[in-house]
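Student: Residue numbers (UniProt numbering): 1 to 456. Glycine included, C-beta positions come from ideal geometry on N, C-alpha and C. All values derive from a computational prediction rather than experimental measurement.
1. Assuming residue 143 and residue 344 form a contact by the criterion Cβ under 8 Å, report the distance between their Cβ atoms to the nearest whole angstrom.
2. From the DSSP output, in three-state form, read off residue 251 for me.
3. Under the three-state reduction of DSSP, which class applies to residue 241: helix, strand or coil?
4. Flag this pair as yes or no: are the beta carbons of residue 9 and residue 178 separated by less than 8 Å?
5. So is residue 283 buried or exposed if we call it buried at 16+ other beta carbons inside 10 Å?
6. Mind checking whether residue 180 and residue 353 have CB atoms under 8 Å apart?
7. Okay, do the region 422-436 and the region 312-320 touch, 3+ Cβ pairs below 8 Å being the bar?
8. So residue 331 is in the alpha helix (DSSP H); what residue range does that whole segment cover?
9. Tell me the DSSP secondary structure of residue 12 in three-state form.
10. Using a Cβ-Cβ cutoff of less than 7 Å, which residues in the same chain neighbour residue 458 once the five nearest sequence positions on both sides are dropped?
11. Tell me the DSSP secondary structure of residue 422 in three-state form.
12. For the alpha helix (DSSP H) containing residue 434, name the first residue and the last one.
13. With distances taken from CA atoms, which of 59, 64 and 419 is nearest residue 364?
14. Start and end of the alpha helix (DSSP H) containing residue 307?
15. Going by the CB atoms, is the gap between residue 36 and residue 301 shorter than 8 Å?
16. So what does DSSP say about residue 81, is it helix, strand or coil?
17. At which residues does the beta strand (DSSP E) containing residue 199 begin and terminate?
18. Is residue 31 near residue 191, with beta carbons less than 8 Å apart?
19. Could you check what DSSP says for residue 131 in three-state terms: helix, strand or coil?
20. Secondary structure at residue 26, three-state DSSP: helix, strand or coil?
21. Tell me the DSSP secondary structure of residue 99 in three-state form.
22. Looking at C-alpha atoms only, which residue of 287, 96, 102 and 7 is the closest neighbour of residue 124?
23. Do residue 164 and residue 105 have their CB atoms nearer than 8 Å?
24. Please give me, in chain order, every unbroken run of the beta strand (DSSP E) with length at least 3 that falls completely inside the region 342-367.
25. If we call anything under 8 Å between Cβ atoms a contact, is residue 170 one with residue 109?
26. With 16 as the cutoff for other CB atoms within 10 Å, does residue 336 come out buried or exposed?
27. Taking the C-alpha atoms as reference points, what is the distance between residue 398 and residue 413?
28. Name the DSSP bridge partner or partners of residue 415?
29. In angstroms, rounded to a whole number, what distance separates the CA positions of residue 350 and residue 208?
30. Within 8 Å of any Cβ in chain B, is that where the Cβ of residue 300 sits?
31. Between the Cα of residue 395 and the Cα atoms of 405, 386 and 421, which residue gives the shortest distance?
32. Around the Cβ of residue 102, are there at least 16 other Cβ atoms within 10 angstroms (buried) or fewer (exposed)?
33. Within 10 Å of its beta-carbon, does residue 203 have 16 or more other beta-carbons around it, so buried, or fewer, so exposed?
34. Identify whether residue 210 lies in helix, strand or coil by the three-state DSSP scheme.
35. Per DSSP, what kind of secondary structure is residue 272 in: helix, strand or coil?
36. How big is the Cα-Cα spacing for residue 214 and residue 73?
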């Protein structure tokens with residue numbers, strides 16, 4: 001029988017293993033998983049060590065199928081379209097390095113792409129005939145404007161002689177700034193342009209509602225998402241979704257392993273393959289070198305915890321979205337600053353909140369980023385003398401992050417962006433408003449120290 005635990009401090013104390021003095025405000029980077037999942041993983045590892053051949057050669061295969069079925073059900077896609085990889089970066093590499101690139105092929109991506117994924121694109125372009133175009137974006141921006149910019153860029157490239165956009169890579173949510181992108185609309189924009197959509201959903205499963213992933217109006221060509229960030233699995237677990245129409249394009253895992261079939265031996269795998277019993281991807285990825293698969297096998301247990309102890313996916317989203325929204329407002333009120341969002345409030349429909357710190361920089365008003373009104377009782381001028389040169393922004397952001405760890409036993413991503421320092425705070429079911437209040441007071445004190453001393 002399901003027994004839900006109240007979110008907040010009780011959830012943290014009963015179900016997570018955080019040190020008592022530690023305040024976990026950065027769930028987005030490495031995730032966290034509950035004690036029940038940790039116990040399950042340890043039991044899997046004990047089975048492995050007690051009879052390694054039996055477990056790895058026989059038991060693990062059926063458990064892996066169960067995990068794929070569980071994640072497929074959550075995404076509402078066929079099991080045959082999803083496989084596990086260690087992380088989303090591996091998923092991005094798997095897709096880009098499986099494609100055959102010809103002269104004139106172009107990869108487009110946004111300037112907010114995760115650094116490892118951008119560097120993957122650049123390396124592919126160094127070693128193949130492909131080239132890339134980086135679309136510069138700044139936030140806040142409206143979803144319609146972003147999609148229009150994307151469409152105009154692709155069409156402009158395709159008008160060039162001997163150029164065509166082959167792949168577009170974009171996020172569900174950006175890493176920094178931590179804002180939600182209109183990824184579904186971007187997928188839809190790709191289709192009439194003849195562009196393959198590659199979605200970096202690192203912050204996807206367990207965070208956003210992805211239950212329409214396989215539907216015609218939002219079906220990407222390729223989608224990869226980390227389970228360890230927001231789904232509560234151990235680290236080293238991600239999903240790669242490949243639409244059935246493209247299974248023939250994915251010919252090898254990375255590293256290449258036993259499932260690879262050389263071209264001269266490959267028969268019957270075409271873009272029209274639709275046999276419900278065909279599990280080409282599953283066979284290909286079932287044994288991608290010897291690794292500890294226990295994180296993959298924990299997916300059903302993580303989903304069970306989310307359902308039985310947390311009340312289901314919608315309950316988690318509602319709490320975390322609400323806490324991020326209200327917590328961000330509370331922090332901005334304490335700082336006398338603002339939350340990063342657009343006029344339609346779509347950027348903030350997630351578990352992140354982006355809050356500007358009360359430090360002033362000598363930048364032109366047009367170079368500032370942010371929208372909304374100042375909500376505190378103090379004005380930014382009153383709480384943030386002196387005015388710093390913008391070149392000091394990155395160093396001050398790093399100093400703040402270092403101080404948070406060394407002096408306060410927490411860590412919050414901070415970055416100089418759009419003429420100001422912003423922090424990205426993650427909402428999660430083990431946090432409550434008091435944690436956001438505490439974070440705001442700590443950050444306000446650090447900013448005051450920097451302002452008073454002029455050092456960081």
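Tutor: Considering the structure as presented:
1. About 7 Å separates the two Cβ atoms, so the contact holds.
2. Here residue 251 sits in coil by DSSP.
3. Looking at residue 241 - three-state DSSP - the assignment turns out to be strand.
4. For residue 9 and residue 178, no; Cβs fall outside 8 Å.
5. Residue 283 counts as exposed, since fewer than 16 other beta carbons sit within 10 angstroms of its beta carbon.
6. Not closer than 8 Å, so no.
7. A contact exists between the region 422-436 and the region 312-320.
8. 313-335 is the extent of the alpha helix (DSSP H) around residue 331.
9. Residue 12 falls in the helix class under three-state DSSP.
10. Since the first and last residues shown for the chain are 1 and 456, residue 458 lies out of range.
11. DSSP places residue 422 within a strand segment (E or B) once states are collapsed to three.
12. Here the alpha helix (DSSP H) through residue 434 covers 433-453.
13. Nearest Cα to residue 364 within the set 59, 64 and 419: 419.
14. Run containing residue 307: 299-308, per the alpha helix (DSSP H) assignment.
15. Judged by their CB atoms, residue 301 and residue 36 are nearer to each other than the 8 Å cut-off.
16. Secondary structure at residue 81: helix, using DSSP grouped into helix, strand and coil.
17. Run containing residue 199: 196-200, per the beta strand (DSSP E) assignment.
18. No. Outside cutoff.
19. Strand, per DSSP.
20. Judged by DSSP in its simplified three-state form, residue 26 adopts coil rather than helix or strand.
21. For residue 99, the secondary structure class from DSSP, reduced to helix, strand or coil, is coil.
22. If you compare the alpha carbons of 287, 96, 102 and 7 with that of residue 124, the shortest gap goes to 96.
23. Contact: yes.
24. You should have 352-356.
25. For residue 170 and residue 109, yes; Cβs fall inside 8 Å.
26. With at least 16 other beta carbons inside 10 angstroms of its own, residue 336 counts as buried.
27. Residue 398 and residue 413: Cα-Cα distance of roughly 9 Å.
28. DSSP output for residue 415 lists 422 as bridge partner(s).
29. Rounded to whole angstroms, residue 350 to residue 208 spans 7 Å at the Cα level.
30. No chain B appears in the structure shown, which is made up of a single protein chain.
31. Of the candidates 405, 386 and 421, 421 places its Cα closest to the Cα of residue 395.
32. When all chains shown are included, residue 102 counts as exposed.
33. When all chains shown are included, residue 203 counts as buried.
34. Correct three-state label for residue 210: coil.
35. Only weak support exists for where residue 272 lies, its pLDDT of 45 falling under 50; the value from the coordinates is given anyway. Three-state DSSP puts residue 272 in coil, outside helix and strand.
36. Spanning the two alpha carbons is a distance of roughly 11 Å.
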